[in-house]
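K.L.:
Taking the UniProt record's numbering, the leading residue of the sequence shown gets 1, the next gets one more, and so forth. Mind looking over this structure? Questions follow.
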Amino acid sequence: MTGTLYLIPVALGDTVWAEFLPQRTRDIACTITYFVVENAKTTRAELKRMAHPRPLRELAIEQLPEKPDGQQIEHLLAPLQAGHDLGLMSEAGCPGVADPGALLVQRAHELGIRVVPLVGPSSILLALMAAGLNGQQFAFHGYLPAREPERSARIGELEKESQRFNQTQVFIETPYRNEALFEALLKTCKPNTRLCVASNLTLADEQIATRRIAQWRTATSPSLHHRPTVFLLNAG
């Protein structure tokens, strides 16, 4: 009999587990001794914060490669095949969403392994909830091109799609490039397009604001440097 693959959300920043995780998620995580994770250091800190009853050195924590091949995935799933439950944890937020863990989940389904997503924070969903933009039609695009002119060209494409379908476009950036992306959005988008900037979600210094591009151009720029941020635009 195979074990169960539990998808365990991780805090979006330095906060106590009770502020972002239901008790059930914490309870299940604390019964698991095998983990596949995006970042081993982050996971150890998270399990310590949850007060996992086992010493961290006794837990089997394997780090997931950014682009795992088939052999690596089979190795990582081996505890499940041996009957042990396995926890999958991202560096922040929900595993499998904008996260290489999706490949592990895909293979688990192919092998007939039970997959259980646990409740916890997702910056993408929280930003969409708070943006006041269309939550019926939306698309997440991950990272946009880092260089110009490709970045501005992609922004233009997303704005046209948004206008045509009234679709909210959601994307993220490496925190140190947030300001460059924000400036590109202000230069590229039409004045009436709405842009939401959601930073440090769930943390004490969380900032969320939705304005039209014309308003953003005359407002004080938000503090985005090295702050995890979700960008959402709608031109519908």
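Just so it is clear, CB atoms sit at the ideal spot from N, CA and C, and this is done for glycine as well.
1) Measuring CB to CB, does arginine 194 end up less than 8 Å from leucine 133?
2) Which residues bound the alpha helix (DSSP H) around glutamine 215?
3) Bridge partners for proline 117 per DSSP, in chain order?
4) Taking the beta strand (DSSP E) that phenylalanine 231 belongs to, which residues open and close that run?
5) Using the rule of at least 16 other Cβ atoms within 10 Å of the residue's Cβ for burial, across every protein chain shown, is tyrosine 6 buried or exposed?
6) By Cβ distance below 7 Å, which residues in the same chain neighbour residue 261 in space, the five residues on each side in sequence not counted?
7) Who are the Cβ neighbours of glycine 93 in its own chain at under 7 Å, not counting the five residues just before and after it?
8) So, with DSSP's three-state summary, where would you put leucine 144?
9) Isoleucine 198 and alanine 127: beta carbons closer than 8 Å?
10) Can you say whether methionine 129 is buried or exposed, counting buried as having 16 or more other CB atoms within 10 angstroms of its CB?
11) Classify aspartate 205 as buried or exposed, calling it buried when 16 or more other Cβ atoms lie within 10 Å of its own Cβ.
12) Between the beta-carbon of aspartate 85 and the beta-carbon of tyrosine 34, is there less than 8 Å?
13) Mind checking threonine 31: buried by the 16 CB within 10 Å criterion, or exposed?
P.N.:
Walking through what the data contain:
1) yes
2) 213-218
3) Leu7
4) 229-234
5) buried
6) Lying before the first or after the last residue shown, residue 261 is absent from the chain, which here runs from 1 to 236.
7) Pro9, Val10, Leu12, Pro121, Ser122 and Ser123
8) coil
9) A quick correction: the sequence has alanine, not isoleucine, at residue 198. Yes.
10) exposed
11) exposed
12) yes
13) exposed
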